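Structure, as structure tokens:
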Amino acid sequence: MSTDLLWLCTLAVFVLPVYCQTGNPVEGELDSAANTTGTRSAPTLQFVIVVSRHGNRAPVFDFPSSPYQSDDTNMWPNGNGELTQSGYDQMYKLGKKVRALYDGFLDQTFRPEDFKALSSTSGRTLQSAELFLAGLFPPRGFQIWNKDLLWQPVPVHPTFLDHYELVFLNEKPLCSRFREAQEDALMETENLNNSSLVSFIDYVLPFTGIDENKLHVEIGSAYKAQIVFIVWEAIINAVNNGIPLTEWASKLYPEPLTSLVEKFYYASAVGSLDQIKYLEGEMFQEMVRLMQSKANGTLSPDTRMYFYSGHDCTIMGLMMMMLKNVEDKIGFVNTGSALIYELHQDPQSGSFYVQVLYIDGASPNLEPSAVNIPSCGSPCDLHQLLNITEEYYNITDWEEECHVIPPMPSLGEEEESKERNLTNEILEIGLVFP
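All the letters of the sequence shown, read from the start, carry residue numbers -20 to -1, 1 to 414 under mature numbering (1 follows the signal peptide of the UniProt record, and there is no 0).
Following this line, the structure appears as structure tokens:
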């Protein structure tokens, strides 16, 4: 050993005990000082996956006479479709709730080998992830790097397995199998609910300024469903952000609007096996791999919790894989809601089972409720759960199976920019709103 290296080792041996005896907390002291147990931190718990919908946001678009115009920066200062102040608070509180549920199982010190956060690439889901993490991992002790900012950076990784952005293109459907199935589901739902749909449209047209004929030309056969979604988009985002409704809108909300929009909402997103499969099949496939690896003892790193920040469609797709029938649906997925998968191991048999929980973002205390899985129960044996959902995540080549439409030929820089802007607009004016 060289003289320099020997000196360095001696210094380290001397300095570390001195540091540990100072008032600065070390990791061990931090953990022992917070020796608490969350209400869901059972000894059988092995792994947790949390999937959330983003927080409250501004409307993406509206009807011509809406008093809540999406481009009104006085009302929506962060911009249309972006998180609002109440959305910030909502996601922060969800993070704190998950901390209260799993404290002790999930260490209060963030370690990348214990926890991983992922998000779709939209601004509101990325922001929601950051706010959730602020509530889940508040800095303590040595983690406090700025006394004026009680926050610590936790990485959020992008995920491209949540296919909301791809399958909900309106004029340019990248996944033709999804679009074909969606059209069939919407047509069937429209036929079954034509009377109430016509009554609804007759009532709202004089108040909204919507040009029914123009919309019919632009949208096609789904224009009636689009009218429902346009009105819902304006009203629900006003309600979520504490903005009073007009008198005519108050006669629609919560009923009959909520029941009507739910039917078309589910038909447009998860109305068939193909829709569910090509919407969230690849994402659930990854979740299956994680749970299997954890059960097999091959998960590396041996992570304790994964968090995915997504959309309403994300939770709808994952939920319908388990529930199968639309009659069992959970209803409208409120902002700030979360779907939780807990992987447990029976101490006697050694077998693994999954407890699925749902947190309604609109509930006052964000208390989780158990999801009963038909033909499996609650909790559900891991292998049985994977068997009953296999038809949704059994995907070898998503693009090939989805019949993805090839990209357009290369454009000049100016044309490419216009094309990109148009695509972004189309993404936001899909038949289901994130």
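A virtual CB, placed ideally from N, CA and C, is assigned to each residue, including glycine. In this text, all values refer to a predicted model and were calculated from it rather than measured experimentally.
In this structure, what does DSSP give as the bridge partners for residue i?
i	result
R33	G290
K96	Y286
H363	Its beta-bridge partners do not exist; DSSP assigns none.
H324	L25 and Y333
residue 439	The shown model of the chain, from -20 to 414, leaves out residue 439, and the question about it has no answer.
L86	D83
C155	V384
L319	V31 and Y338
A350	L337
L63	R37
G357	I353
Could you pull out every residue in the same chain whose Cβ sits closer than 7 Å to the Cβ of residue i, ignoring the five residues on either side in sequence?
i	result
K243	T169 and N173
F85	G18, S21, L25 and R284
L146	L154 and C155
G311	E242
With a CB to CB cut of under 6 Å and the five nearest residues on each side skipped, what residues in its chain are close to residue i?
i	result
Y288	V31 and L98
A109	A97, S99, V136 and S289
Q132	P119 and Q123
Q107	L63
G361	Note that residue 361 is Asp in the sequence shown here, rather than Gly. Excluding residues within five positions, the ones whose Cβ falls inside 6 Å are Y333.
L303	none
A247	A165, L166 and T169
residue 418	It is not possible to answer for residue 418, since the shown part of the chain is limited to -20 through 414.
V134	F90, L113 and F117
I29	M267, Y286 and Y321
Residue i: which of the options sits nearest, CA to CA?
i	options	result
V384	S66, F148 and K309	F148
I207	M71, Q65, N220 and L177	L177
S102	Y144, R79, S66 and G67	Y144
Y48	Y321, P224 and P354	P224
L298	T315, D326, T278 and L259	L259
P359	L337, T315, M267 and P92	L337
Q70	K304, N171 and R104	R104
E379	N352, T315 and L141	L141
P138	Y286, D326 and T278	Y286
A350	L319, Y245, A205 and K304	L319
T294	K309, D83, V313 and S273	V313
P354	T369, E347, Q325 and H324	T369
L365	L346, Q265 and D377	Q265
A205	L279, M301, K231 and S175	S175
A275	N352, P186 and H363	H363
L116	K127, F95 and R79	R79
P236	D94, S280 and V184	V184
Could you check if residue i belongs to the surroundings of the ligand NAP, using beta carbon to heavy atom distance under 7 Å?
i	result
L362	Summarising the ligand content, the structure contains no ligands, and the ligand NAP is consequently not present.
I'd like the list of long-range same chain contacts for residue i, defined as Cβ closer than 8 Å, with 5 residues on each side in sequence excluded.
i	result
D11	Residue placement at D11 is poorly supported in this model, since its pLDDT is 42, which falls under 50; the coordinates still yield a value, given next. Around D11: D87, Q88 and T89.
E381	R157, Y258 and I375
N36	L63, T64, S66, G67, Q70, N217, N220, N221, T315 and G316
G59	A38 and T53
T226	P47 and F187
Count the other CB atoms, across all protein chains shown, that sit within 10 Å of the CB of residue i; report buried if there are 16 or more and exposed otherwise.
i	result
I256	buried
A22	exposed
W125	exposed
V197	exposed
Q328	exposed
M263	buried
D182	exposed
N367	exposed
W228	exposed
residue 495	In this structure the chain extends from -20 to 414, so residue 495 is not present and cannot be described.
D282	exposed
D292	buried
L113	buried
L129	exposed
P348	buried
D83	buried
K231	exposed
S45	exposed
S331	exposed
S179	exposed
With 8 Å as the threshold, decide whether the Cβ of residue i is near any Cβ in chain C.
i	result
N367	Judged by its chain identifiers, the structure shown contains no chain C, having just a single protein chain.
Any chance the region 38 to 55 sits against the region 200 to 216, with 3 or more Cβ pairs inside 8 Å?
-> Judged by Cβ distances under 8 Å, the region 38 to 55 makes contact with the region 200 to 216, as three or more pairs qualify.
So, do the region 188 to 206 and the region 152 to 161 have three or more beta carbon pairs nearer to each other than 8 Å?
-> Counting C-beta pairs closer than 8 Å gives fewer than three between the region 188 to 206 and the region 152 to 161, which falls short of the contact rule.
Would you be able to state if there are at least three C-beta pairs under 8 Å between the region 332 to 342 and the region 231 to 241?
-> Contact annotation: the region 231 to 241 does not touch the region 332 to 342, with fewer than three C-beta pairs closer than 8 Å.
Does the count of Cβ pairs from the region 160 to 167 and the region 244 to 251 closer than 8 Å reach three?
-> At 8 Å Cβ cutoff, the stretches touch.
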